Amino acid sequence: MSASELAWFKSSYSGSQGDSCVEVAVDGRAVRVRDSKDVIRPDFAVKRDAWSRFVGFLGPDA
2 MSASELAWFK SSYSGSQGDS CVEVAVDGRA VRVRDSKDVI RPDFAVKRDA
52 WSRFVGFLGP DA
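The letter at position 51 of the sequence shown is residue 52 when you use the working numbering, and the numbering goes up by one with no holes.
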């Protein structure tokens, strides 16, 4: 699946200008991450279980 076909989401902590945030999208195998300021640059993929551990490490307020 190409990056343009994915549903990208910004953090709820992103500023109203949307100028300093990352976006994430989930495909069948991975969580993909990209810079919201430069969506032309390739995203990178993280295995879903690794992403879950990362988010769990951040805690509920992240």
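Don't be surprised by glycine CBs; every beta carbon is placed ideally from N, CA and C.
Because the structure is a prediction, the values reported are computed rather than measured.
Counted within 10 angstroms of its Cβ, other Cβ atoms place Glu6 as buried (16 or more) or exposed: Position 5 of the sequence shown, counted from the start, is the residue given in the question as residue 6. Glu6 comes out exposed.
Residues bridged to Phe45 (per DSSP): Start at 1 with the first residue of the sequence shown, and residue 45 comes out as number 44. Paired residue(s): Val34.
Simplified DSSP state of Ala8, which is helix, strand or coil: As a first step, residue 8 is located in the sequence shown; it is residue number 7 there, counting from the start. Ala8 falls in the coil class under three-state DSSP.
First and last residue of the uninterrupted beta strand (DSSP E) at Val27: Start at 1 with the first residue of the sequence shown, and residue 27 comes out as number 26. Start and end: 23-27.
is_contact[Glu6, chain C] using C-beta, thresh 7 Å: As a matter of chain content, chain C is missing from the structure shown, which is built from one protein chain.
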